[in-house]
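Chemist:
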Amino acid sequence: MLNIKPPDAVIRIIQTLEASGHRALLAGGCVRDALLGFEPKDWDIATDAAPEAVQSLFEKTVAVGAQFGVVLVRMGDREF
Numbered sequence: 347m348l349n350i351k352p353p354d355a356v357i358r359i360i361q362t363l364e365a366s367g368h369r370a371l372l373a374g375g376c377v378r379d380a381l382l383g384f385e386p387k388d389w390d391i392a393t394d395a396a397p398e399a400v401q402s403l404f405e406k407t408v409a410v411g412a413q414f415g416v417v418l419v420r421m422g423d424r425e426f
């Protein structure tokens, strides 16, 4: 059984997306690292929310690749 414990900020992002009717799943390197038994260093969240929806749900965002659906959400001193 895989046991991943994301930071509280990641949990809040996922909960906010889901409360708005979107799906949100951990993806990328954090899942790979957990499968290999390593502590994840970065946390990626895949969602069916459009970039504009993500930007409207969170106060601080950076559209680093909006044309590809990539938006960073800043919480505290970290980006997810």
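Read the sequence shown against this note's numbering and you will find it ends at 426, with the numbers running on by one and no gaps.
Yeah, the Cβ is synthetic: ideal placement off N, Cα and C, and Gly gets one too.
Because the structure is a prediction, the values reported are computed rather than measured.
#1: State the start and end residues of the unbroken beta strand (DSSP E) segment that holds A395.
#2: Can you round the beta-carbon distance between L371 and A392 to whole angstroms, since I take them to be within the 8 Å contact cut?
#3: How about L418 and V410: are their beta carbons less than 8 Å apart?
#4: Shortest alpha-carbon distance to E398 belongs to which of F414, F384, D388 and D390?
#5: Would the beta-carbon of D354 fall within 8 Å of that of G375?
Modeler: So, to answer that:
#1: Looking at the DSSP string, A395 is not in any beta strand (DSSP E), and its letter there is neither H nor E.
#2: About 5 Å; that satisfies the 8 Å criterion.
#3: Yes, the pair counts as a contact, with Cβ atoms nearer than the cut-off.
#4: Ranking the options by Cα distance to E398, first place goes to F414.
#5: No. Outside cutoff.
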